[in-house]
Every structure is written in structure tokens, then in C-alpha cells.
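Below you'll find the structure, written out as C-alpha cells, and then a few comments.
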Amino acid sequence: MKSSTKSHLAVAMLHLVAVLPRWLIEGPLSRLAASLIWLTKGDMRRATEINLALCFPEMPEAERAQLARRSLRETVRTALELPGTWLQPIDKTLSTVVSVSGEALLTDAIASGRGVIVLSPHVGNWEILGIYLSEHYPLTCMYRPGRIEGVDAIVKQSRAKGGAGLVPTNRSGVAKLLKVLKNQEVIGVLPDQNPDDARGGMYAPFYAEMANTMTLVPNLLQKTNAVAVGCIAKRVAGGRYEIVFLAADEAIYDKDLQTAVNGLNKTVENVVNVAPEQYQWEYKRFRRDGEGKKRRLYSK
Numbered sequence: 498m499k500s501s502t503k504s505h506l507a508v509a510m511l512h513l514v515a516v517l518p519r520w521l522i523e524g525p526l527s528r529l530a531a532s533l534i535w536l537t538k539g540d541m542r543r544a545t546e547i548n549l550a551l552c553f554p555e556m557p558e559a560e561r562a563q564l565a566r567r568s569l570r571e572t573v574r575t576a577l578e579l580p581g582t583w584l585q586p587i588d589k590t591l592s593t594v595v596s597v598s599g600e601a602l603l604t605d606a607i608a609s610g611r612g613v614i615v616l617s618p619h620v621g622n623w624e625i626l627g628i629y630l631s632e633h634y635p636l637t638c639m640y641r642p643g644r645i646e647g648v649d650a651i652v653k654q655s656r657a658k659g660g661a662g663l664v665p666t667n668r669s670g671v672a673k674l675l676k677v678l679k680n681q682e683v684i685g686v687l688p689d690q691n692p693d694d695a696r697g698g699m700y701a702p703f704y705a706e707m708a709n710t711m712t713l714v715p716n717l718l719q720k721t722n723a724v725a726v727g728c729i730a731k732r733v734a735g736g737r738y739e740i741v742f743l744a745a746d747e748a749i750y751d752k753d754l755q756t757a758v759n760g761l762n763k764t765v766e767n768v769v770n771v772a773p774e775q776y777q778w779e780y781k782r783f784r785r786d787g788e789g790k791k792r793r794l795y796s797k
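In this text, residue positions in the sequence shown follow this note's numbering: the first is 498, and each later residue adds one.
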């Protein structure tokens, strides 16, 4: 299929999904899709079960299975909600936010003359969080273009519609983030992604497993005296969200890089623990062991 045709079809599908009613997404549609994923024992289920077994080895197997099923359904909900988040007017998106707690962590830091790094892992609806932040603060985020041109344009427009600045995921982008933080502004980071190369990551505990973890955040904190804050846009009933800000683990500010990276993962854990079923446990984060060696962990 030609890339242009693929792009048009993908964009049309996004527009179709964007108008689905919330009750349909939250109820029968996500339930049916998650059940099919579970029954077919496909890649998403397999990766989810593997990751949960690695991270929670002491959790009873039946409890892990229940968490896996709930996680798959929440992942489906996220996928079905994102098109609406991207395409609908910003006021409609913000109307789904029913409560915000812990926001003083940001406002107090900014008032004291410090920048803020908001750490939002792949849990809940991070796109809604980005829109909320960009509406209330000078926000800058890194952005990597997607593979499908039409979809990429929609996502990029959505992330910028609240006024957020987007910088590339390279050295020039990092330089801009440094400048933003020194100007006492806010940046948003998805902290649970695998770093692109060995120079950008260190292995640190994530629950009971070692994970390649970005060194970007601790390095930015050391160079700017910024404050790190964890955050989640937690899904609640009716397709609505509660935004929760959490103080970062104190170890993240340590001058020893390994200690700081450990603190970053601990901060991610604390955010995930707000709604563990809403975390994307199917993300294949453990393709390498704690020594960086490849392993066939997710192979059939």
C-alpha cells in the first residue's frame, strides 16, 4: 500500500473513532476488544504477562492475571480515546478534567524561580495532561515524528494547540530544554521510554526488574536546579480524568548519576501505583538484561 493511501486511511479512521461516544468506548467496545486480545493470546497479552511477572514476582498468579486483563482493557480505552483528544476542541478536552491535586508542587517551584520537569509515564491519558499543562504553563516537550505522515500532523497539531513548544529529540532539543528550565518554565518528559543508545541510558531497578533508563532527566536537574514532579491523568468513570501531581523521589536529585537514575524509576513507580491497571504493561521495555545483553524474552 502506498504511503499516501495509508496515511489517508489512518486519518479517516482517527476521525471516525474520535466521534464515538464515551459510554461506548468505556463499556462494550473496550470490553469486547480486550476480551479478543486475551482470548487470542496475541503479542499484547504475552508481553503484558511477561512484564508483570518480571515486575511483581511475589504477586499471586491469579492476581497478576486479573491485573493483566484490566491493563489490556485500559490500554484499549486509551487507544480509542486518543483520537478524540487530538481532534476535538481544546475546551471540550479540558472539560473532561474533573479534579486536580498536588499542583502546588509546580506553582511553588515556579514562584521560587525554578523550572519544573513534569514526569508523565505511559499511564492514564498523557495527551490530556499535556494539553492541560500547555493551557496553564509555558510548556515545552520533545517530539519525534511518527511513521504515518497524516497521523503525525494531527498529533503534532494537538500537542501544540495549547501553546506548547515542541523540540526535536536530539542535542539541539536538549539545549533548548536547558534554556527553558533556566527560564523557570516547564518541560514534559515521558520518562519510561528506552533510551535510543547506550550513551543516553543506565540500568536501574524498575519494580523487581532492571530496565534501561534515561539519564536525561537527572542531567537536566543537575544543570538547572529544576524541580521534578510526577504526574498522571487518571481515568475515572464517565470518560473523565483526575490529574494528580506527586513529588519526585528525593534520590533523583543526587549528584551520583546511578542513584539519581534509580530515583527516576522510583518516581515512575510512584506515579504508576496511582492506577497500575492504567499503565501500558505491554511495552517491551526489558529486551535487554541488567548488563545490556539482548535476550529473547518476548519471542514466542
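Where is the CB? At the ideal position from N, CA and C, for every residue including glycine.
Residue i in three-state terms, based on DSSP
i: residue 515; result: helix
i: residue 702; result: strand
i: residue 667; result: coil
i: residue 620; result: strand
i: residue 726; result: strand
i: residue 614; result: strand
i: residue 629; result: helix
i: residue 560; result: helix
i: residue 751; result: coil
i: residue 715; result: helix
i: residue 508; result: helix
i: residue 762; result: helix
i: residue 720; result: helix
i: residue 524; result: helix
i: residue 554; result: coil
i: residue 581; result: helix
i: residue 644; result: coil
i: residue 796; result: coil
i: residue 548; result: helix
i: residue 693; result: coil
i: residue 771; result: coil
i: residue 571; result: helix
i: residue 673; result: helix
i: residue 609; result: coil
7 Å CB neighbourhood of residue i in its chain, flanking five on each side removed
i: residue 688; result: 616, 618, 711, 714, 761, 765
i: residue 722; result: 611
i: residue 570; result: 527, 528, 531
i: residue 561; result: 549, 550, 553
i: residue 642; result: 649
i: residue 622; result: 575, 578, 582, 730, 732, 738
i: residue 659; result: 587, 628, 631, 632
i: residue 748; result: 756, 757, 759, 760, 763
i: residue 720; result: 675
i: residue 514; result: 577, 580
i: residue 607; result: 613, 681
Residues near residue i by beta carbon distance below 6 Å, same chain, minus five either side
i: residue 751; result: 757
i: residue 552; result: 704, 705, 706
i: residue 708; result: 782
Residues that residue i bridges to, as DSSP identifies them
i: residue 594; result: 738
i: residue 731; result: 739
i: residue 638; result: 663, 685
i: residue 785; result: 791
i: residue 744; result: 726
i: residue 776; result: 620
i: residue 799; result: Outside the displayed span of the chain (498 to 797) sits residue 799, for which this structure offers no information.
Buried or exposed by the 16-neighbour rule on C-beta atoms within 10 Å, applied to residue i
i: residue 770; result: exposed
i: residue 582; result: buried
i: residue 592; result: exposed
i: residue 464; result: What the structure shows of the chain is the stretch from 498 to 797, and residue 464 is not part of that stretch, so it cannot be assessed.
i: residue 568; result: buried
i: residue 630; result: buried
i: residue 546; result: buried
i: residue 652; result: buried
i: residue 516; result: exposed
i: residue 533; result: exposed
i: residue 536; result: exposed
i: residue 518; result: exposed
i: residue 746; result: buried
i: residue 669; result: exposed
Own chain residues within Cβ distance below 8 Å of residue i, not counting five before or after
i: residue 523; result: 574, 734, 735, 736
i: residue 502; result: none
i: residue 557; result: none
i: residue 521; result: none
i: residue 566; result: 531, 535
The ligand SAH heavy atom lying under 7 Å from the CB of residue i
i: residue 669; result: Of the ligands one can find in the structure shown there are none, so the ligand SAH has no counterpart to examine.
Point to revise | Cβ pair count under 8 Å reaching 3, the segment 728 to 744 against the segment 595 to 604 | key: Touching, yes, given that three or more Cβ pairs across the two stretches are closer than 8 Å.
Check your understanding: Using 8 Å as the threshold, is the segment 767 to 780 in touch with the segment 653 to 668, meaning 3 or more CB pairs across them?
Key -> no
Check your understanding: Counting pairs of beta carbons, one from the segment 572 to 591 and one from the segment 524 to 531, are three or more of them closer than 8 Å?
Key -> yes
Review point. Below 8 Å, can you find three or more Cβ-Cβ pairs linking the segment 697 to 709 to the segment 580 to 589?
Key: no
Review point. Are at least three pairs of beta-carbons, each pair with one atom in the segment 500 to 511 and one in the segment 643 to 653, less than 8 Å apart?
Key: yes
Check your understanding: Do three or more CB pairs link the segment 779 to 790 to the segment 627 to 639 at distances below 8 Å?
Key -> no
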